[in-house]
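> Before we start, here is the structure in question, set down as structure tokens.
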Amino acid sequence: MQSLVKQTQTIPSAIDITKFGPTNLIIIQPTSYCNLDCDYCYLPDRHLKNHLPLALLEPIMQAIFASPFTTSNFSLCWHAGEPLAAGLEFYRQAFAQIEAYGEKYNHRQLWFDHSFQSNGILVNQAWCDLFKQYPVHVGISLDGPAFLHDKHRKTRTGRGSHAATMRGIEWLQKNDICHSVIAVLTEESLDYPDEIFHFFRDHNLLDVGFNMEETEGINTESSLNKQGTLQRYRQFLERFWQLASASEPEFRVREFESLCSLIYTEDRLDHTDMNRPFAIVSIDHRGNFSTFDPELLAIKTPQYGDFIFGNVLTDSFESVCQTEKFQSIYRDMTEGVEKCRQTCDYFGLCGGGAGSNKFWENGSFNSTETLACRFRIQQVAEVVIGALEESLGLT
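Everything in the sequence shown is counted per the numbering used here, starting at 1 for the first residue and increasing by one.
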């Protein structure tokens with residue numbers, strides 16, 4: 001096994017870690033390898049066929065259950081790279097071992113499930129048989145119709161992956177496996193709200209989330225960072241709202257659902273899981289772990305170095321909170337969130353945003369508005385609020 005990262009340099013701490021967590025999402029990277037080569041991907045090592053050893057699962061689960069931040073139910077999400085590339089036999093053994101380690105270490109009797117974020121290409125009946133043994137949700141990366149999807153989501157030989165992804169979805173649907181879709185919106189997508197909506201509805205894909213193509217990791221420029229795209233995106237959202245709200249059967253769009261929930265309940269955010277320490281924990285194939293945005297784990301930067309805070313073989317989640325690296329990043333992250341609170345009218349709907357977007361767009365966690373925020377929060381809020389006001393006769 002490669003050398004471990006141990007963060008031994010500690011400093012006096014005034015941080016109240018009781019405010020951290022609770023951990024609701026553990027992202028495990030069984031391999032950084034991906035069988036696709038999508039041109040907007042942020043991961044630098046997706047060509048490397050590294051593999052998480054089964055022997056690491058016990059210290060991973062022990063660290064999770066021993067953590068003071070693991071106080072409520074959570075999901076184990078297999079992600080970052082193509083998780084199914086780790087192989088069916090790996091998961092047969094891994095799930096059985098994790099079940100046993102739960103009995104051994106889960107003294108709080110917390111409930112957890114498994115989820116995957118996958119391109120779907122490898123899904124077949126054998127995978128579905130495994131998924132049916134455990135509470136598994138499968139998120140599929142699918143950008144809509146083939147003419148949009150295949151423009152960016154290609155195999156390593158340059159061929160489109162749409163047909164193979166759709167075959168995987170057919171297997172999931174045939175076996176009644178719980179699944180949803182995440183679609184990346186690029187500049188090309190914005191002209192086709194009708195085509196994207198009807199494609200998903202016609203294929204009974206009724207639970208969809210939109211990720212914006214982001215400036216992130218090794219994807220150093222987003223196609224959305226062009227003059228006029230914000231207005232086009234607003235028009236895309238307005239049309240998609242019209243289509244989704246009139247749909248039978250019900251068509252759920254993650255972005256609309258999230259905003260509507262905040263509006264109807266009058267709740268407001270003061271943080272997000274991506275800027276609150278240890279709400280999310282990401283663990284790579286060597287047992288290295290990080291928190292905040294999952295996208296940070298595999299990245300190295302001149303300003304902060306890498307974002308690995310410790311390793312499950314040598315560190316507990318709470319112990320790394322005393323390291324200089326963690327406290328420096330946490331301080332910048334917290335100050336950036338506070339600046340958002342003081343300056344942005346959308347803060348209650350946003351909670352201070354994602355640190356990864358701030359870092360890659362603004363060069364620092366200690367900053368405010370990003371292009372990602374303007375697309376993901378501000379435009380969605382304007383469309384949803386406008387549509388609700390119109391439906392109530394307020395405009």
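Ideal placement from N, C-alpha and C gives every residue a C-beta, glycine not left out.
Are three or more beta carbon pairs between the region 20-32 and the region 274-281 nearer than 8 angstroms?
Yes, the region 20-32 is in contact with the region 274-281.
> Look at the Cβ atom of T368, then the Cβ atom of K339, and state whether they are nearer than 8 angstroms.
By 1-based counting over the sequence shown, the position of residue 368 is 368. By 1-based counting over the sequence shown, the position of residue 339 is 339. Yes. Within cutoff.
> With a threshold of 16 other CB atoms inside 10 Å of the CB of Y91, please say whether the residue is buried or exposed.
Translated into positions along the sequence shown, residue 91 becomes position 91. The residue in question, Y91, is buried, as its Cβ has 16 or more Cβ neighbours within 10 Å.
> Does DSSP put L349 in a helix, in a strand, or in coil?
What you label residue 349 is simply residue 349 of the sequence shown in a count that begins at 1. If DSSP states are grouped into helix, strand and coil, L349 belongs with the helices.
> Which runs of the alpha helix (DSSP H) spanning at least 4 residues fall entirely within the region 228-308, listed in chain order?
Whole alpha helix (DSSP H) segments, 4+ residues: 229-245 and 254-265.
> Per DSSP, what kind of secondary structure is K226 in: helix, strand or coil?
The residue you call residue 226 lines up with position 226 of the sequence shown. K226 falls in the coil class under three-state DSSP.
> Does the Cβ of R159 have 16 or more other Cβ atoms within 10 Å, making it buried, or fewer, making it exposed?
For the purposes of this step, residue 159 is identified with residue 159 of the sequence shown, where counting begins at 1. It counts as exposed.
> In this structure, what does DSSP give as the bridge partners for T155?
Position 155 of the sequence shown, counting from 1, holds the residue named residue 155. Answer is L36.
> Grouping DSSP H, G and I as helix and E and B as strand, with all else coil, what is G87?
Locating residue 87 in the sequence shown gives position 87, counting from the first residue. Note: G87 maps to coil in three-state DSSP.
> Return the first residue and the last residue of the alpha helix (DSSP H) that D194 is part of.
Position 194 of the sequence shown, counted from the start, is the residue given in the question as residue 194. Here the alpha helix (DSSP H) through D194 covers P193 to D202.
> Does the beta-carbon of F147 have 16 or more other beta-carbons within 10 angstroms, so that it is buried, or is it exposed?
The residue given as residue 147 occupies position 147 in the sequence shown. Its Cβ having fewer than 16 others within 10 Å, F147 is exposed.
> So, does the region 285-292 touch the region 303-321, judging by three or more C-beta pairs under 8 angstroms?
Yes, since at least three Cβ pairs between the region 285-292 and the region 303-321 fall closer than 8 angstroms, the two stretches touch.
> I'd like to check one pair, L190 with Y233: are the Cβ atoms closer than 8 angstroms?
For the purposes of this step, residue 233 is identified with residue 233 of the sequence shown, where counting begins at 1. For the purposes of this step, residue 190 is identified with residue 190 of the sequence shown, where counting begins at 1. Yes. Within cutoff.
> If I15 and L76 are in contact, beta carbons under 8 angstroms, what's the gap, nearest whole angstrom?
One-based indexing of the sequence shown puts residue 15 at position 15. One-based indexing of the sequence shown puts residue 76 at position 76. At roughly 27 angstroms, the Cβ-Cβ gap does not stay under 8 angstroms, so I15 and L76 are not in contact.
> Are there 16 or more other CB atoms within 10 angstroms of the CB of Q133, so buried, or fewer, so exposed?
Reading the sequence shown from its first residue, position 133 is the one you call residue 133. So Q133 counts as exposed.
> Between T157, N204 and H51, which has its C-alpha nearest A80's C-alpha?
Looking up residue 80 in the sequence shown gives position 80. The shortest C-alpha separation from A80 is found at H51.
> Assign H149 to one of three DSSP states: helix, strand, or coil.
The residue given as residue 149 occupies position 149 in the sequence shown. Looking at H149 - three-state DSSP - the assignment turns out to be helix.
> Starting from C77, trace the beta strand (DSSP E) both ways and give me its first and last residue.
For this step, residue 77 is matched to residue 77 along the sequence shown. Per DSSP, C77 belongs to the beta strand (DSSP E) from F74 to W78.
> Do D293 and G217 come within 8 angstroms of each other at the CB atom, strictly closer than that value?
In the sequence shown, the residue the question calls residue 217 occupies position 217. In the sequence shown, the residue the question calls residue 293 occupies position 293. No, the Cβ-Cβ distance between G217 and D293 is not below 8 angstroms.
> Cα separation between Y101 and Q378?
Position 101 of the sequence shown holds residue 101. Position 378 of the sequence shown holds residue 378. Approximately 43 angstroms between the Cα atoms of the pair.
> Grab the span of the beta strand (DSSP E) containing S189 for me, first residue to last.
Residue numbering aside, residue 189 sits at position 189 when the sequence shown is read from its first letter. Counting along the chain, S189 falls outside any beta strand (DSSP E), and DSSP gives it neither H nor E.
> Between which two residues does the alpha helix (DSSP H) containing I169 stretch?
Residue 169 sits at position 169 when you count from the first residue of the sequence shown. Element bounds for I169: H162 to K174.
> Is the region 186-201 touching the region 238-252 in the sense that three or more CB pairs, one from each, lie closer than 8 angstroms?
With the cut-off at 8 angstroms, the region 238-252 and the region 186-201 touch.
> Buried or exposed: which applies to Y264, given that a residue is buried once 16 or more other Cβ atoms fall within 10 Å of its Cβ?
Within the sequence shown, residue 264 is the residue found at index 264, counting from 1. Y264 is exposed by the Cβ-count criterion.
> Count Cβ pairs between the region 174-192 and the region 207-223 that sit closer than 8 angstroms; are there 3 or more?
Touching, yes.
> Rounded to whole angstroms, what is the Cα-Cα separation between I121 and S161?
Locating residue 121 in the sequence shown gives position 121, where the first residue counts as 1. Locating residue 161 in the sequence shown gives position 161, where the first residue counts as 1. Cα to Cα, the separation comes out at about 8 angstroms.
> Looking only at C-alpha atoms, which of E318, N204, A387 and S391 sits nearest to F69?
Taking the sequence shown and counting its residues from 1, one reaches residue 69 at position 69. Nearest of E318, N204, A387 and S391 to F69, Cα basis: E318.
> In the DSSP output, which residue or residues are listed as bridge partners for M212?
The sequence position of residue 212 within the sequence shown is 212, counting from 1. Partner(s): L185.
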